[in-house]
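Its first residue numbered 1, the sequence shown is counted upward by one per residue in full-length UniProt numbering.
See structure below.
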Amino acid sequence: ALNRKRVAVSGGRKCDRCDRRFTSIVGYKKHIHTLCNTRCIECLEVFKSATALMQHRKLQHSTAAAAARADHRYPCEHCDLKFTVFGNFTSHMRKVHGAKCFKCEICEKKFSYDDELTTHKKTEHG
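Shown next as structure tokens:
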């Protein structure tokens with residue numbers, strides 16, 4: 001009863017990076033130390049380690065990526081399409097080429113959208 005009162009008063013915990021709210025400190029800490037700590041804040045892809053995330057950011061979101069934005073081109077490596085908006089490019093990659101950016105840290109299965117991963121975790125891993 002005391003724990004519920006504390007959560008109700010504080011409104012739960014909110015992740016500063018992704019705005020997700022948690023009612024338990026355990027869930028919040030797990031999120032911070034695993035998923036959110038290794039998620040790219042620019043494209044939302046999740047990585048196994050902070051090192052892998054840093055490498056990704058260096059390759060995907062560095063000066064070269066800025067140059068692509070300046071040229072208004074996000075070329076698809078699978079077809080001849082080019083995009084001016086990064087979100088349109090990632091949507092194309094998911095819908096047309098099946099890119100899956102959200103990975104379950106328990107079983108390594110990948111999903112195209114965060115809500116699919118959340119549903120998978122609830123149904124498959126409790």
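Where a beta carbon is used, it is the ideal one built from N, C-alpha and C, also for glycine.
1) Give the secondary structure of residue 22 by DSSP, where H, G and I count as helix, E and B as strand, and everything else as coil.
2) The alpha helix (DSSP H) that contains residue 57, what's its start and end?
3) For residue 28, does the three-state DSSP call read helix, strand or coil?
4) Counting pairs of Cβ atoms below 8 Å between the region 83-91 and the region 108-115, do you hit three or more?
5) Cα separation between residue 122 and residue 23?
6) Taking residue 113 as the reference, give the member of 46, 29, 73 with the closest Cα.
7) When burial is assigned at 16 or more other CB atoms within 10 Å of the CB, is residue 117 buried or exposed?
8) Can you tell which of 44, 49, 48, 77 has its C-alpha closest to the C-alpha of residue 61?
9) Who does residue 110 pair with in a DSSP beta bridge?
10) If you draw a straight line from the C-alpha of residue 74 to the C-alpha of residue 52, how long is it?
Inspection of the coordinates gives the following:
1) In the structure shown, residue 22 falls within a strand segment according to DSSP collapsed to helix, strand and coil.
2) Residue 57 -> alpha helix (DSSP H) spans 50-60.
3) Helix at residue 28.
4) The region 83-91 vs the region 108-115: no contact.
5) Across the structure, residue 122 and residue 23 are spaced so that their CA atoms are roughly 16 Å apart.
6) Ranked by how close their Cα comes to the Cα of residue 113, the residues 46, 29, 73 have 46 in first place.
7) The residue in question, residue 117, is buried, as its Cβ has 16 or more Cβ neighbours within 10 Å.
8) Residue 44 is the option with its Cα nearest to residue 61.
9) Per DSSP, 103.
10) Rounded to whole angstroms, residue 74 and residue 52 show a C-alpha spacing of 22 Å.
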